[in-house]
Amino acid sequence: MRATSIGHAGILIETRSGSILCDPWFHPAFFASWFVFPRNDRLDDELLDRIERADFLYVSHLHGDHHDEPWLREHLRRDIPVLLPDYPTGEQRRRLEALGFTDFVRTTDGVEIEIAPGLSVAIHVETSITDGPGGDSAIVVSDGESRLVNQNDCRTTDLTALAAHGPVDLHWLQYSGAIWYPMVYEMPAEEKLELCRAKVESQGARAMRYVEAIGARAVVPSAGPPVFLDDELRHLNMVTGSEATIFPDQRWFIDRLSAAGHFGVLAVPGTEISVDAGAVTVEHPVSEAEIDAIFTDKAAYLDEYAADWNDW
-17 MRATSIGHAG ILIETRSGSI LCDPWFHPAF FASWFVFPRN DRLDDELLDR IERADFLYVS
43 HLHGDHHDEP WLREHLRRDI PVLLPDYPTG EQRRRLEALG FTDFVRTTDG VEIEIAPGLS
103 VAIHVETSIT DGPGGDSAIV VSDGESRLVN QNDCRTTDLT ALAAHGPVDL HWLQYSGAIW
163 YPMVYEMPAE EKLELCRAKV ESQGARAMRY VEAIGARAVV PSAGPPVFLD DELRHLNMVT
223 GSEATIFPDQ RWFIDRLSAA GHFGVLAVPG TEISVDAGAV TVEHPVSEAE IDAIFTDKAA
283 YLDEYAADWN DW
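Going by the working numbering, the first residue of the sequence shown is number -17, and it counts up by one from there.
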């Protein structure tokens, strides 16, 4: 099994039995205020071709940083089989049908099914009011030799459910914030900073509970944070660590994983993580020094990113 990061919660999962494209997000979301971090607008042509030729599509939920309608409309064939979470309403199917998709594989919450010889999936759904329009979901993928849990930003209530399908090799999950509280509220600066730090800590603690429950060989911080490139929103990015914001980056959670004895993989768009006979190997699209520079000189990285998208 090979899992390639394509940015944010996006993953291309490839096995001998077929490939699954998860949550491809390339266009700025939420009134063009959210951008993928690290940027994924420089993926090589070979990877882009593999992405567009995927055998199955999985969109976890309808939030704009997971359900990228312009990209889905323009880059995938209309008859790609879509793995459909078992939501209580038909909103997701209707939205995808409106984009022209015609082939849907309806799943049952938490039940493993074989979608191709030797390739099985189980999609777990959450449907509270906080899980977005229709709900949110996580997917467990197994090729008979390796198993991947893509939890993205699904706040699974049953912490044992995702691990019930068997030992997990790769666990992709969110750890960073994804809402506007408390940054946009009017309050004293010190109070806002204190609330942000408390929110960051609670986010990290929740993610670590998921990590402990799954017990995967390797954990991949995923599904955030976004970055904000508009001048009036740049203060929402966490660059020095002193900002009043809830968006720590991947290094922060990697350090937390390491301190707890877990193997964390810092994936950037294009990073390939392979599992073979239980061994996990990582291949990045750029050098370690270039990856380090994204985070150690983050302000300059965001300046260049913003300049490149200035006309958007």
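The C-beta atom is built at its ideal place from N, Cα and C for all residues, glycine as well.
Run of the alpha helix (DSSP H) containing residue i, from where it starts to where it stops
{"i": "Y326", "result": "Since the displayed the chain opens at -17 and closes at 294, residue 326 lies outside it and no answer follows."}
{"i": "I161", "result": "Where I161 is concerned, there is no enclosing alpha helix (DSSP H), given that its DSSP letter is neither H nor E."}
{"i": "R77", "result": "73 to 80"}
{"i": "T278", "result": "270 to 278"}
Cβ shell of residue i (< 7 Å), same chain only, five flanking positions each side left out
{"i": "G186", "result": "Y157, F235, R238"}
{"i": "A14", "result": "W294"}
{"i": "P70", "result": "T109"}
For residue i, the residue or residues it bridges with in DSSP
{"i": "T(-3)", "result": "G0"}
{"i": "N132", "result": "I121, W154"}
{"i": "A104", "result": "V122"}
{"i": "P251", "result": "Per DSSP, none; premise fails for P251."}
{"i": "A11", "result": "W16"}
{"i": "T(-14)", "result": "L(-6), E254"}
{"i": "A200", "result": "L152"}
Distance between residue j and residue i (C-alpha atoms, nearest Å)
{"i": "A125", "j": "G46", "result": "The sequence shown places Asp at residue 125, not Ala. When rounded, the distance between both Cα atoms is 29 Å."}
{"i": "T278", "j": "F19", "result": "14 Å"}
{"i": "L211", "j": "P6", "result": "20 Å"}
{"i": "H217", "j": "A275", "result": "20 Å"}
{"i": "L196", "j": "A145", "result": "As written in the sequence, residue 196 is Ile, which differs from the Leu given in the question. In a straight line, the C-alpha of I196 is about 5 Å away from that of A145."}
{"i": "G159", "j": "S204", "result": "11 Å"}
{"i": "D74", "j": "A271", "result": "According to the sequence shown, residue 74 is Gln rather than Asp. Cα-Cα distance, rounded: 41 Å."}
{"i": "P208", "j": "V131", "result": "21 Å"}
{"i": "F86", "j": "D290", "result": "37 Å"}
Beta-carbon proximity list for residue i, same chain, < 6 Å, skipping 5 on both sides
{"i": "R88", "result": "L66"}
{"i": "Y192", "result": "L155"}
Span of the beta strand (DSSP E), counted from its first residue to its last, around residue i
{"i": "I95", "result": "95 to 98"}
{"i": "Y40", "result": "38 to 40"}
{"i": "R88", "result": "86 to 88"}
Spatial neighbours of residue i in its chain, beta-carbon cut-off 8 Å, leaving aside the 5 residues before and after
{"i": "L284", "result": "V209, L211, R216, N219, V221"}
- Taking three-plus beta-carbon pairs below 8 Å as touching, is the segment 82 to 99 in contact with the segment -7 to 0? A contact is defined here as three or more CB-CB pairs under 8 Å, and the segment 82 to 99 meets this definition with respect to the segment -7 to 0.
- At least 3 beta-carbon pairs within less than 8 Å: the segment 257 to 267 vs the segment 219 to 229: No contact exists between the segment 257 to 267 and the segment 219 to 229.
- Query: Pairing CB atoms from the segment 23 to 35 with CB atoms from the segment 48 to 56, are three or more of them under 8 Å?
  - Reply: As far as the Cβ criterion goes, the segment 23 to 35 does not touch the segment 48 to 56, which means the pair count is below three.
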